[in-house]
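Below is one structure, written out as structure tokens; comments come after it.
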């Protein structure tokens with residue numbers, strides 16, 4: 043259950059503050075009460091099923107928040 047709480051913290055921080063560097067994200071997680079933010083980031087951000095993704099400028103973003111309300115089209 044602790045992982046679910048940490049996952050929610052990660053989601054809330056990235057949704058509220060937008061794209062963040064890994065250092066900023068670790069600092070905000072620590073401020074939110076996560077005991078070992080570096081361990082959390084190592085565990086979650088490298089998982090393929092984690093909705094957080096790294097942008098080309100090395101910041102992290104929560105994909106569901108980034109894509110909410112967007113419409114994707116495709117030319118045939």
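Residue numbers (the working numbering): 43 to 118. All C-beta atoms, glycine included, are put in the ideal place defined by N, C-alpha and C.
CB contact flag (residue i, residue j, <8 Å)
{"i": "residue 107", "j": "residue 56", "result": "yes"}
Distance, residue j Cα to residue i Cα
{"i": "residue 148", "j": "residue 49", "result": "Past the edges of the chain, shown from 43 to 118, lies residue 148, and the structure says nothing about it."}
{"i": "residue 98", "j": "residue 111", "result": "22 Å"}
{"i": "residue 70", "j": "residue 83", "result": "12 Å"}
Start-to-end residues for the alpha helix (DSSP H) that takes in residue i
{"i": "residue 81", "result": "79-87"}
{"i": "residue 71", "result": "64-73"}
Residue range of the unbroken beta strand (DSSP E) whose run includes residue i
{"i": "residue 95", "result": "94-96"}
{"i": "residue 103", "result": "102-104"}
Local Cβ density within 10 Å of residue i, reported as buried at 16 or more and exposed below that
{"i": "residue 44", "result": "The predicted position of residue 44 is uncertain, since its pLDDT is 45 and thus under 50; no value can be drawn from it."}
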